[in-house]
Amino acid sequence: MKLHARLALVVIAGLIPIIALQAVEHVATAREREAQALLDVQRQAELVAGQLEQVSARYRDLLLSVATTPIVRTRNAPACAAYLASLQKQFRDGFTIGASDLDGNVYCMGLPFAQDRAINNADRPYFREALRTLDFVVGELAYAKVPGSAVLHFGYPILDADGKALGVVFASINLPWLARQLVDRPLPEDARLYVTDRRGSLLVELPDEGSIGRALPKELRRLVYATQPGSASVKIADGNTLIAGYVPEASQPRGFAVVLTRPREAVLAPVWRQLAWEAAFVIVAVAIGLVLAFAVARRKVYHPLARLNETAARWRKGDLAARTGLETDADNELRELGKALDGMAEHLARRQEELAAAHEEMRRSRDEAIRANHSKTQFLAAASHDLRQPLHAMNLNIALLSSRLGDSPEVALVERLKRSVANLGELLNALLDVSQLDAGLIRPHLAAVELDGLVRTVVEEFSATAAQKGVKLEAEKTDATVHTDPVLLGRMLRNLVSNAIKYTPSSGEVRMSFARTGGRVEIIVRDTGEGIPPERQQEVFEEFRQLGNPQRNPALGLGLGLSIVKRMSTLLDHPVRLHSTPGQGTTVTVSVPLALAPASHATEGRAPLLAGRALLVEDDEVVAQSTADVLRTWGSRWMSSTPPRRRPSSSPARPGCGTPCSPITAFPDAPGWTCCSTSNNSTPAPCSRCSPATPAIRVCPRRGAPGSSCSKSPSDSNAWPPC
């Protein structure tokens with residue numbers, strides 16, 4: 004987003020609260036104005052109702068006076084007519100007065116032209132109501148029988164001295180005259196006044212639109228039948244809303260209903276006009292402010308920032324020699340920023356040079372460390388055989404010594420020596436495994452493996468150890484076939500079971516179970532040991548880390564088992580999870596993929612025992628002699644081979660027959676091959692060609708493993724199989 008757009012947004016964002024506040028104020032003002040308008044129309048409707056009440060009261064007094072006049076009671080028609088005519092003249096215009104008997108026959112009227120005409124009012128509602136209530140009555144909209152104009156009747160009963168009705172005196176007022184009486188009180192310009200009778204028929208509508216006698220609009224008609232005066236907003240058929248004040252027929256004056264309305268839009272128009280003017284003023288002010296702000300920002304902010312942006316882009320591309328140039332602009336508020344950035348660029352350039360030199364030195368050191376570590380790992384991996392040979396010889400000699408001592412008291416010393424050598428061998432094997440895994444010398448050989456057989460083998464190996472400690476070791480059965488390297492997975496399970504037994508107290512339990520999830524099977528090793536705190540559960544996978552063995556007791560292991568498990572799980576892609584609760588034990592889960600094909604079954608049974616003579620080929624004289632001694636104690640007949648020695652090039656001749664030699668001597672540098680036959684395992688025979696009855700043995704040059712050899716019968720062809 005461009006700077007000017009952001010500036011505009013900032014200005015607009017600052018004005019939004021002001022505009023919103025003004026809008027809220029105007030809405031509140033509109034509501035107040037509407038509420039005031041409701042009160043005003045109600046008050047004006049009540050004033051009109053008060054005028055009607057005055058008219059009604061005046062005619063009530065007039066009819067009461069006429070009804071109690073003896074001339075009217077005695078039905079003296081000429082005298083009554085003269086009396087009423089005099090009253091008619093007093094009012095000049097707007098009403099007609101008369102009297103009728105109980106049958107509704109008019110026997111006198113104030114209009115001279117109607118005195119000779121027969122008129123009956125028995126069908127008029129006001130006549131029946133006056134006789135029923137014996138009280139003053141306001142009638143309904145009607146049309147006068149003489150002279151036929153729209154009128155409103157008032158009636159009052161003529162009573163005798165006992166209060167019995169003798170007839171009804173009535174007055175008919177002209178509705179246009181009534182409308183003129185109401186016009187005397189001015190109404191608001193946009194107001195409309197409706198006066199109806201008790202049936203809702205219009206008596207007066209102002210301004211006059213010739214609607215006398217029509218029904219009030221249905222949206223306003225419900226107001227006529229209300230119980231109390233009031234005001235309301237009424238939505239009419241054309242969608243507009245009216246503010247209406249009303250006095251229903253049920254209130255005073257009885258017989259009239261008054262409704263006064265004003266359009267809501269007209270009432271609120273001044274508020275909206277004021278709001279429009281203020282909004283226009285704000286918009287103009289904002290526009291002027293934005294123009295001025297852009298003009299100032301373009302010179303004081305936008306151009307310097309553009310130069311900063313351009314310089315930063317060059318810095319991003321690596322050109323730290325670029326400068327903003329703002330330090331020379333004295334009339335710019337961003338000058339100090341430009342100077343600071345230029346100084347930072349100079350500092351970064353110097354630091355970049357220093358870092359490049361340090362990085363090059365670090366790279367050389369890292370490469371040397373990598374080479375040294377790789378050489379160390381390769382050395383440990385390659386030296387595994389040579390390091391294991393002395394230990395192997397020691398184990399053989401200890402076994403030989405133990406068998407020779409029998410029940411001698413020194414047997415305990417030999418046992419301690421055996422345990423020490425065993426611990427040393429375990430440490431060496433673990434270290435070599437770690438080094439070979441780190442060097443990448445171990446490659447998994449994946450195949451379909453029956454999991455149950457592999458687990459049973461592990462359980463059988465550790466059953467004696469678990470029983471000796473008093474730990475119950477058991478495993479569930481499973482028919483799962485997994486895709487794994489059986490040797491590496493077996494090593495992982497052995498380490499896990501060994502750890503579980505070591506850290507499970509006597510009478511505890513170690514259990515192996517299985518669970519299938521999707522295309523994998525989980526091997527679960529659960530023990531009831533002490534458990535591991537949650538914050539230290541990841542430490543157990545580190546080398547030489549034993550949480551429960553701070554004294555480094557060799558009997559509890561070396562702290563490499565779980566480290567090897569972690570490395571093998573990564574190599575095989577068999578994820579390992581550990582869950583432990585202190586005081587409740589530890590659960591380790593190994594997730595292994597299921598095999599798509601069944602496992603191939605190897606021929607079961609015991610390995611065949613060696614019969615006859617045993618041939619021992621060993622390039623280490625100590626190991627060879629120790630092994631030979633052990634074989635001799637077992638009663639075996641044996642033959643051994645010593646490493647061949649090269650003869651000097653000046654005397655390449657082979658020894659002739661009869662020359663004493665070791666049981667088997669070979670000369671790889673001599674033409675052809677040579678063998679020595681022996682008649683027993685101790686007395687060497689002279690060297691000679693193989694006779695048909697003597698087996699032939701060929702000792703190959705040391706190209707592969709030490710002591711590689713092959714043999715054939717002399718009756719075979721002279722072609723030897725490859726070593």
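In my numbering, the protein residues as written are 4 to 726. Each residue gets a CB set at the ideal place from its N, CA and C atoms; glycine is no exception. Since the model is a prediction, treat every value here as computed from it, not as a measurement.
### Query
Where ILE21 and ALA40 are concerned, what is the direct C-alpha to C-alpha distance, given to the nearest angstrom?
Answer to the nearest angstrom: the Cα atoms are 28 Å apart.
### Task
Out of TRP280, TYR249, SER254, GLY258, state which residue places its alpha-carbon closest to the alpha-carbon of ARG265.
Minimum Cα distance to ARG265 is reached at TYR249.
### Query
Of all the options VAL458, ALA450, LEU491, which has the alpha carbon lying nearest to the alpha carbon of LEU599?
That would be ALA450, whose Cα lies nearest to the Cα of LEU599.
### For VAL13 and VAL728, the rounded distance between their alpha carbons
What the structure shows of the chain is the stretch from 4 to 726, and residue 728 is not part of that stretch, so it cannot be assessed.
### Query
Between GLU542 and ARG446, what straight-line distance do the alpha-carbon atoms span, to the nearest angstrom?
27 Å
#### Entry: Residue of ALA415, ASN400, VAL568, SER89 minimising C-alpha distance to THR630
ASN400
### Query
Is PHE284 buried or exposed, if buried means 16 or more other CB atoms sit within 10 Å of its CB?
exposed
#### Entry: Range covered by the beta strand (DSSP E) that runs through GLU477
475-478
#### Entry: Test item: CB-CB of PRO585 and GLU545 under 8 Å
no
### Query
Does DSSP classify LYS320 as helix, strand or coil?
Residue state, collapsed to three classes: coil.
### Task
Could you pull the start and end residues of the beta strand (DSSP E) that SER103 belongs to?
98-104
### Task
Consult DSSP for PHE157 and reduce its assignment to one of helix, strand or coil.
strand
### Query
Just reading off the beta strand (DSSP E) that ASP530 is part of, what are its end residues?
523-530
### Query
Among all the DSSP beta bridges, which residues are the ones paired with MET515?
ALA478, VAL528
### Task
Compute the distance between the beta-carbons of ALA348 and LEU308, then report whether it is under 8 Å.
No, the Cβ-Cβ distance between ALA348 and LEU308 is not below 8 Å.
### Task
Taking only the alpha-carbon atoms, compute the straight-line gap between CYS111 and ILE100 and give it to the nearest angstrom.
9 Å
### Query
If you drop the 5 nearest sequence neighbours on each side, which residues of the same chain put their C-beta closer than 6 Å to that of LEU209?
LEU196
### Task
Find out if the Cβ-Cβ distance for the pair GLY170, SER103 is shorter than 8 Å.
Yes, the pair counts as a contact, with Cβ atoms nearer than the cut-off.
### Task
Let me know if HIS577 comes out buried or exposed under the rule of 16 or more other beta-carbons within 10 Å of its beta-carbon.
buried
### Task
Pull up the distance between the alpha-carbon of LEU18 and that of ARG319, whole angstroms please.
38 Å
### Message
One question on the structure: do VAL595 and ARG523 come within less than 8 Å of each other, judged by their Cβ atoms?
### Response
yes
### Query
Should SER199 go down as buried or exposed, given a rule of 16 or more other Cβ atoms within 10 Å for buried?
According to the sequence as given, residue 199 is Thr; it is not Ser. It counts as buried.
### Query
Which one of ALA478, PRO73, GLN355 has the shortest CA to CA distance from ASP163?
PRO73
### Task
Measure the C-alpha to C-alpha separation of ILE535 and PRO393 and round it to an integer number of angstroms.
Near 38 Å, if we compare the C-alpha coordinates of PRO393 and ILE535.
### Query
Of all the options THR71, ILE526, GLN184, which has the alpha carbon lying nearest to the alpha carbon of GLY53?
GLN184
### Task
Answer with buried or exposed for ALA526, where buried requires no fewer than 16 other C-beta atoms within 10 angstroms of its C-beta.
First, the amino acid is wrong: residue 526 is Ile here, not Ala. With 16 or more Cβ atoms within 10 Å of its Cβ, ILE526 is classed as buried.
### Task
Verify whether the separation of the beta carbon atoms of PHE133 and LEU144 is less than 8 Å.
Checking the displayed sequence, the identity of residue 133 turns out to be Ala instead of Phe. Against a cut-off of 8 Å, the Cβ pair of LEU144 and ALA133 comes out as no contact.
### Minimum C-alpha distance to ALA247 - residue among ASP106, ASP241, GLY258, VAL227
VAL227
### Task
Consult DSSP for GLY346 and reduce its assignment to one of helix, strand or coil.
If DSSP states are grouped into helix, strand and coil, GLY346 belongs with the helices.
### Task
Report, in whole angstroms, the separation of the C-beta atoms of VAL109 and ASN124, which I expect to be a contact under 8 Å.
6 Å
### Task
Given a cut-off of 8 Å, decide if THR32 and VAL274 are closer than it, judged by their beta-carbon atoms.
yes
### Query
Considering ARG224, what are the terminal residues of the alpha helix (DSSP H) in which it resides?
221-227
### Task
Compute the distance between the beta-carbons of VAL44 and LEU223, then report whether it is under 8 Å.
For VAL44 and LEU223, no; Cβs fall outside 8 Å.
### Query
Is the CB-CB distance between VAL461 and ARG497 below 8 Å?
yes
#### Entry: Beta-carbon contacts of LEU491 that lie in its chain and below 8 Å, excluding the five residues immediately before and after
ILE445, PRO447, MET571, LEU574, LEU575
### For GLY107 and TYR159, the rounded distance between their alpha carbons
Distance between the alpha carbons of TYR159 and GLY107: 13 Å.
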